[in-house]
Amino acid sequence: MLPFYEMLALGFMLTFILMLFTGYPVAWLLAGLSLLFAAGGIELVDRLGVDTFLLTSWPKVSGVVDRLDAIMSNWVLVSLPMFIYMGQMLDRSGVADIMMRNFVKVFGGIRGGLGLTVIVIGILLAASTGIVGASVVLLAMLAMPIMLQNHYSKAVASGVVAASGTLGILIPPSIMLVLMADQVSVSVGDLFMGALVPGVGLGLLYMVFVFGVGITRPDLVPPRPAGTEK
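Counting in the working numbering, the sequence shown runs from 69 upward without gaps.
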């Protein structure tokens with residue numbers, strides 16, 4: 069049987085995953101559930117004497133406040149809100165939608181052109197925001213309906229959106245790279261330079277794959293008439 073503190077951690081993760089489907093903001097869920105499980109763990113220590121590892125008293129929980137203060141005072145992490153703001157601006161301003169329609173005109177006559185368009189937009193969004201979730205959601209809202217309307221396979225359409233949307237974790241300015249630089253005490257610029265070629269190269273490989281599927285399996289990736297748009 070698992071130790072109680074492992075069961076507590078597992079219960080926290082499962083509760084968090086279930087609560088995500090309620091639509092509450094992730095930040096509030098993490099903060100609220102952390103406080104709730106901390107209070108529950110400390111109460112169980114007092115009443116039942118169970119082993120909750122380090123979670124034994126409220127003074128130890130106060131260390132979280134010190135950690136938050138250190139994060140807000142970190143000059144490396146101060147860039148994260150700016151990246152998130154850039155992603156919000158791309159979403160709210162309609163720039164991503166305009167890019168989508170223009171790239172459809174460029175690749176429209178090529179078999180698999182819509183898939184190539186989505187990958188290019190994914191690379192540009194990754195280089196603009198660094199936020200994986202924002203890129204995936206934005207591409208899903210913009211590209212999935214168009215691809216399905218043009219008789220793309222559901223598997224291909226969802227795979228292209230998921231793969232190109234997650235390029236934001238690798239292509240600079242990636243929030244993950246900024247966090248990693250802070251944790252391992254290396255230069256953010258060095259990490260950005262090291263991840264640029266693999267990230268862009270992965271995007272190009274995605275494009276080659278979609279083009280190859282268009283040639284070998286034309287039933288999955290039909291062409292889109294050139295010059296058309298939604």
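C-beta: ideal position from N, C-alpha, C; glycine also.
Length of the line joining the Cα atoms of residue i and residue j
| i | j | result |
| --- | --- | --- |
| residue 294 | residue 171 | Because the pLDDT of residue 294 is 44, which lies under 50, any placement of that residue in the model is unreliable, and the question is left without a value. |
| residue 187 | residue 244 | 20 Å |
| residue 77 | residue 145 | 27 Å |
| residue 296 | residue 247 | Interpretation of residue 296 is limited by its pLDDT of 48, a score under 50 that renders its predicted location unreliable; no figure is taken from the coordinates. |
| residue 298 | residue 258 | Only weak support is given to the placement of residue 298: the predicted model assigns it a pLDDT of 45, under 50, and the value that follows is read from those uncertain coordinates. Roughly 41 Å separates the two Cα atoms. |
| residue 84 | residue 97 | 7 Å |
| residue 169 | residue 252 | 41 Å |
| residue 307 | residue 70 | Absent from the structure is residue 307, since the part of the chain shown begins at 69 and ends at 298. |
| residue 74 | residue 135 | 23 Å |
| residue 105 | residue 161 | 39 Å |
| residue 152 | residue 80 | 26 Å |
| residue 100 | residue 92 | 11 Å |
| residue 111 | residue 143 | 37 Å |
| residue 72 | residue 225 | 43 Å |
| residue 164 | residue 174 | 15 Å |
| residue 114 | residue 221 | 57 Å |
| residue 275 | residue 256 | 28 Å |
| residue 88 | residue 109 | 22 Å |
| residue 223 | residue 214 | 14 Å |
| residue 273 | residue 86 | 35 Å |
| residue 90 | residue 82 | 14 Å |
| residue 200 | residue 260 | 16 Å |
| residue 280 | residue 129 | 54 Å |
| residue 208 | residue 118 | 46 Å |
| residue 267 | residue 176 | 25 Å |
Simplified DSSP state of residue i, which is helix, strand or coil
| i | result |
| --- | --- |
| residue 293 | Confidence at residue 293 is low in this model, with a pLDDT of 47, below 50, so the placement of that residue should be treated as unreliable; the coordinate-derived value is given next. Note: residue 293 maps to coil in three-state DSSP. |
| residue 135 | helix |
| residue 169 | helix |
| residue 285 | coil |
| residue 298 | Confidence at residue 298 is low in this model, with a pLDDT of 45, below 50, so the placement of that residue should be treated as unreliable; the coordinate-derived value is given next. In the structure shown, residue 298 sits in coil (DSSP, three-state: anything other than H, G, I, E or B). |
| residue 78 | helix |
Nearest candidate by alpha-carbon position, reference residue i, set the options
| i | options | result |
| --- | --- | --- |
| residue 206 | 268, 230, 138 and 93 | 230 |
| residue 250 | 161, 273, 226 and 140 | 140 |
| residue 133 | 265, 285 and 102 | 102 |
| residue 150 | 79, 196, 165 and 162 | 196 |
| residue 270 | 290, 142, 232 and 113 | 232 |
| residue 228 | 210, 241, 242 and 143 | 210 |
| residue 282 | 107, 109 and 219 | 219 |
| residue 194 | 214, 176, 156 and 223 | 156 |
Whole-Å CB distance - residue i paired with residue j, under 8 Å assumed
| i | j | result |
| --- | --- | --- |
| residue 278 | residue 216 | With a Cβ gap of about 16 Å, residue 278 and residue 216 do not count as contacting. |
| residue 192 | residue 167 | 7 Å |
| residue 190 | residue 235 | 5 Å |
| residue 263 | residue 290 | Not a contact, Cβ separation roughly 34 Å. |
Do the region 270-287 and the region 173-182 touch if we need at least three Cβ pairs shorter than 8 Å?
yes
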